[in-house]
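A.B. asks: This is the structure I have questions about; it appears just below.
There are 2 protein chains.
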Amino acid sequence: MMNLELDFRSGVPIYLQVVERIKERIADGRLKPGDQLPTVRALAQELRINFNTVARAYRILDEAGVISTQQGRGTYILEMPPPEVSAEIRRRAVRALIQRALIEAERMGASPDEFVDFVNEQVRRWKENGRLQPIEFEEGV
Amino acid sequence: MMNLELDFRSGVPIYLQVVERIKERIADGRLKPGDQLPTVRALAQELRINFNTVARAYRILDEAGVISTQQGRGTYILEMPPPEVSAEIRRRAVRALIQRALIEAERMGASPDEFVDFVNEQVRRWKENGRLQPIEFEEGV
DNA sequence: TGTACAATTGTATAATTGTATTATTGTACT
DNA sequence: AGTACAATAATACAATTATACAATTGTACA
């Protein structure tokens, strides 16, 4: 039971109100990292609104990096709200990340140049699109 | 312990991620013909997912002729992994590997240029030494 | 041996979860 | 009135989980 208070007469869209109420709950600590939010249908029933409206609010929070919504599983408050990762910590983490990728690539038999080529290829797309999207896989081999 | 890395936020279905991770393990030789994979329940527990999701991944690999699943017995890497465990599969595996690293780096707040810088820095060492060595980290922040 | 039975394995199906697409409703503006 | 647009709802769908089941293996005991 979330007990979010909505104002249907305010003219503010419901989905935005839901977004704000949840942000408040996180800000004041009533929602903590790892907590599971109600399912879109459960919260919709509680608020007497359509579950798509809740889904829309969740999607906005997801894109803002506040929560993680996972089809078939649920939605959760994220562990690490993005901004406050300090520069130094981040640099180390990225270095370690790349190191692991390099070691795996080497194990797969990739050459350093091949690796760099792929990186450049994908970084170019990253810069062009402004954001990254997962590669798609076929079901077959 | 398989230590497969999943990304629950990527939007790529878990079962497909499991398929790809296992293909990579076969491609780079960490899984060899005859090896037994973890049981669906064991792998599910390790990955904190439902065992039916693992079963779905195994079924796809089975239908692709990569593994053999036997009710009541277990699942095994087939003696003759289909031919395409070769250049093309490896390229795709390396691409996917880099993609995952990029997505994680982006989430950590790294810029494309910063990422490329680190890659070049480490690849240079790779070329010089002829091999890779893990980075050492100091304690504390 | 062999037989009964529990434990362990993968399988099948339904229920639950979020997602995508389309239709409906409401509101502001001409 | 009419039109355009945003918000909400309806519907169908895909991913994951829950539950019950079937096949195989291991083990105890006659």
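Each protein sequence line maps, in turn, to chains A and B.
So for the first sequence, the numbering used here puts the first residue at 2; every next one is plus one.
So for the second sequence, the numbering used here puts the first residue at 2; every next one is plus one.
Glycine included, every Cβ here is placed at the ideal spot set by N, Cα and C.
All figures in this text were calculated on a predicted structure; none of them were measured in a lab.
For the segment 93 to 109 of chain B against the segment 49 to 63 of chain B, do three or more pairs of beta-carbon atoms, one drawn from each stretch, fall closer than 8 Å, so that the two count as touching?
C.D. replies: no
A.B. asks: From the DSSP output, read off the bridge partner residues of S69(B).
C.D. replies: Y77(B)
A.B. asks: Is it buried or exposed for F119(A), if we count other Cβ within 10 angstroms and need 16 for buried?
C.D. replies: buried
A.B. asks: Using only the alpha-carbon positions, how far apart do N4(A) and P113(A) sit?
C.D. replies: 56 Å
A.B. asks: Leaving out five residues before and five after R125(B) in sequence, what residues of the same chain have Cβ atoms less than 7 Å from its Cβ?
C.D. replies: none
A.B. asks: What does M2(A) reach in chain B if we use C-beta pairs closer than 7 Å?
C.D. replies: For a Cβ distance threshold of 7 Å, nothing in chain B lies close to M2(A): the least Cβ distance comes to about 26 Å.
A.B. asks: Could you check what DSSP says for D8(B) in three-state terms: helix, strand or coil?
C.D. replies: Coil at D8(B), not helix or strand.
A.B. asks: What's the call for Q71(B), buried or exposed, on a 16-neighbour Cβ count within 10 Å?
C.D. replies: exposed
A.B. asks: Any C-beta of chain B within less than 9 Å: which residues of the segment 109 to 129 of chain A qualify?
C.D. replies: M109, G110, A111, P113, D114, E115, F116, V117, F119, V120, N121, E122, Q123, V124, R125, W127, K128
A.B. asks: Can you find a C-beta in chain B that's less than 7 Å from the C-beta of Q18(A)?
C.D. replies: no
A.B. asks: Run through chain B and tell me which residues come within less than 8 Å of A94(A), C-beta to C-beta.
C.D. replies: M109
A.B. asks: Could you check which residue in R42(B), R93(B), F116(B), I78(B) has the C-alpha nearest to that of R92(A)?
C.D. replies: Considering only alpha carbons, the answer is F116(B).
A.B. asks: Of all the CB atoms in chain A, is at least one closer than 7 Å to the CB of R91(B)?
C.D. replies: yes
A.B. asks: For the alpha helix (DSSP H) that contains T54(A), what are its first and last residues?
C.D. replies: 52 to 64
A.B. asks: Flag T25(A) as yes if its beta-carbon sits less than 7 Å from any beta-carbon of chain B, otherwise no.
C.D. replies: It is Glu, not Thr, that sits at residue 25(A) in the sequence shown. So, not an interface residue.
A.B. asks: Compare the beta carbon distance of D29(A) and I78(A) with 7 Å and say whether it is the shorter of the two.
C.D. replies: no
A.B. asks: Give the C-beta separation of A58(B) and V19(B) to the nearest angstrom, bearing in mind that I take them to be a contact with Cβ-Cβ under 8 Å.
C.D. replies: 4 Å
A.B. asks: Considering only residues of the same chain and omitting the five flanking positions on each side of S69(B), which have a CB-CB separation below 6 Å?
C.D. replies: Y77, L79
A.B. asks: Quick check on the burial criterion: 16 or more other C-beta atoms within 10 angstroms. Buried or exposed for M2(A)?
C.D. replies: With fewer than 16 Cβ atoms within 10 Å of its Cβ, M2(A) is classed as exposed.
A.B. asks: Give the C-beta separation of L98(A) and A102(B) to the nearest angstrom, bearing in mind that I take them to be a contact with Cβ-Cβ under 8 Å.
C.D. replies: 5 Å
A.B. asks: Please say whether L32(A) and R26(A) have beta carbons closer to each other than 7 Å?
C.D. replies: One thing to note: R26(A) has its Cβ within 7 Å of the Cβ of L32(A).
A.B. asks: Which residues of the segment 42 to 58 of chain B have a Cβ closer than 8 Å to any Cβ of chain A? Give them in chain order.
C.D. replies: Answer in chain order: no residues at all.
A.B. asks: Exposed or buried, which one is Q123(B) when buried takes at least 16 other CB atoms within 10 Å?
C.D. replies: buried
A.B. asks: Compare the C-beta of I78(A) against all C-beta atoms of chain B and say whether one is closer than 7 Å.
C.D. replies: no
A.B. asks: May I ask which residues mark the beginning and end of the alpha helix (DSSP H) holding A97(A)?
C.D. replies: 88 to 108
A.B. asks: Count the other CB atoms, across all protein chains shown, that sit within 10 Å of the CB of Q100(A); report buried if there are 16 or more and exposed otherwise.
C.D. replies: buried
A.B. asks: Answer yes or no: does any C-beta atom of chain B fall closer than 7 Å to that of I68(A)?
C.D. replies: no
A.B. asks: Quick one: residues in its chain with C-beta nearer than 8 Å to the C-beta of R60(B), no 5 flanking neighbours on either side, listed in chain order?
C.D. replies: Take R60(B), set aside five residues on each side of it, and the residues of its chain with a beta-carbon closer than 8 Å to its own are T70, in chain order.
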